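> Before we start, here is the structure in question, set down as structure tokens.
Residue numbers (the UniProt record's numbering): 1 to 296.
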């Protein structure tokens, strides 16, 4: 068994698309260059999990992983340090990144092979799970924890401006809405079009198609979670050739502006911030390929 391990999992700026297609819930995550990092140390002289009190889901993920492999906490001591660059309740997949990083760290500490199917199973038993920990870009059923299709990878990271519409959203409560399935089905045509554009864009290395698909999915989601700032941003950037498209957190408060280069990043950010007063600038980062990293 290992004595210490560190696992990094990227967060997201929401999704490139999300919806129901042919009766299946799916999303394509928008992984970004910001992370949750879990460092886990095995302490043979102690027992139980030492972790900060507010990390309840992370602790539960560790307990479920230990239980899956039939390890008794009375005979195992774990010190867990959790560091995150992700905002909570905004749509950055902060819980998913924490949960998945802790599951993979636990598997590694125990000396068992990291099995992604088991990771997905444990994670989704706690809450709806983002696919940001899977390599590349993936079509993922976030409600059932199933990888539906490997779509490929972006050839180079894409600059991304992130803005926040304000407030927070509880993802569990959001997904429990009684009429959510009906609302998703009503926009199935747009979801399918968005999916096809993004899949084609990834396959062909055409980032503009990815941006078009993301924009379409963002607009279609207005009937589910309305963001008044979305229309305003689209108006501000509609003539800007550097902008590939707009993506959102479909169950969060974030709006992302995808760019084909950093050339006018500062200017575009200032244009949006100065013309839209009811939105907060968060940061600039990059759309990257998903995946986790283990540091031994």
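Ideal placement from N, C-alpha and C gives every residue a C-beta, glycine not left out.
Treat the numbers as computed from the prediction; the structure is a model and nothing was measured.
Please report the straight-line C-alpha distance between residue 34 and residue 85, rounded to a whole angstrom.
Taking the straight line joining both Cα atoms gives about 6 Å.
> Using CA coordinates, which residue listed in 12, 20 and 7 is at the minimum distance from residue 187?
20
> Would you report the Cα separation of residue 275 and residue 238, rounded to the nearest angstrom?
14 Å
> What is the DSSP secondary structure of residue 294, counted as helix, strand or coil?
strand
> Measuring CB to CB, does residue 244 end up less than 8 Å from residue 207?
yes
> Take residue 294 as the anchor and find which of 66, 100 and 13 has the nearest alpha-carbon.
100
> With three or more beta-carbon pairs closer than 8 Å as the criterion, would you say the segment 255-263 touches the segment 160-168?
yes
> Which residues does DSSP pair with residue 37 in a beta bridge?
Beta-bridge pairing links residue 37 to 8 and 83.
> Mapping the DSSP letters down to three states, classify residue 157 as helix, strand or coil.
coil
> For residue 265 and residue 236, what's the separation of their Cα atoms in angstroms?
14 Å
> With DSSP run on the structure shown, which of helix, strand or coil describes residue 54?
coil
> Tell me the start and end of each unbroken alpha helix (DSSP H) in the segment 178-209 that is at least 4 residues and wholly inside, in chain order.
180-186 and 188-204
> Scan the UniProt domain "GHMP kinase N-terminal" (62-128) and note each continuous beta strand (DSSP E) run of 3 residues or more that stays entirely inside, going in chain order.
77-84
> What does the Cβ neighbour count give for residue 91, buried or exposed, with the cut at 16 atoms within 10 Å?
The residue is buried, with at least 16 neighbouring Cβ atoms inside 10 Å.
> Enumerate in chain order the residues of its own chain whose CB-to-CB distance from residue 217 is below 6 Å, with the five nearest sequence positions on each side excluded.
Take residue 217, set aside five residues on each side of it, and the residues of its chain with a beta-carbon closer than 6 Å to its own are 17 and 194, in chain order.
> Can you tell which of 184, 109, 66 and 114 has the C-alpha that lies nearest to the C-alpha of residue 292?
114
> Name the residue from 278, 231, 267 and 296 whose alpha carbon lies nearest to the alpha carbon of residue 284.
Comparing Cα-Cα distances from residue 284 to each of 278, 231, 267 and 296, the minimum goes to 267.
> Looking at residue 202: is its Cβ nearer than 8 Å to the Cβ of residue 134?
Their beta carbons are not under 8 Å apart, which means residue 202 does not touch residue 134 by this criterion.
> Pick helix, strand or coil for residue 273, following the three-state DSSP scheme.
helix
> Is there contact here, the segment 55-66 with the segment 95-110, by at least three beta-carbon pairs under 8 Å?
yes
> Determine which residues share a DSSP beta bridge with residue 286 and list them.
159
> Using 8 Å for Cβ pairs, my map puts residue 131 next to residue 290. What's the rounded Cβ distance?
At roughly 7 Å, the Cβ-Cβ gap stays under 8 Å, so residue 131 and residue 290 are in contact.
> For residue 176, count neighbouring C-beta atoms within 10 Å of its own C-beta (all shown protein chains included) and say buried if the count is 16 or more, exposed if not.
By the 10 Å Cβ count, residue 176 comes out exposed.
> Let me make sure I understand the geometry here. Which of 61, 263 and 246 has the alpha-carbon closest to that of residue 124?
Selected option, being the one with the closest Cα: 61.
> By alpha-carbon positions, which one of 12, 148 and 250 ends up nearest to residue 227?
Of the candidates 12, 148 and 250, the one whose C-alpha sits nearest the C-alpha of residue 227 is 250.
> Among residues of its own chain, excluding the 5 on either side of residue 38, which ones have a beta-carbon nearer than 6 Å to its beta-carbon?
7, 82, 101, 102 and 105
> Look at the alpha carbon of residue 140 and the alpha carbon of residue 178, and state the distance between them as a whole number of angstroms.
Looking at the two C-alpha atoms, the distance is approximately 22 Å.
> Can you say whether residue 167 is buried or exposed, counting buried as having 16 or more other CB atoms within 10 angstroms of its CB?
exposed
> Taking just the CA atoms, how far does residue 75 sit from residue 149?
Roughly 40 Å separates the two Cα atoms.
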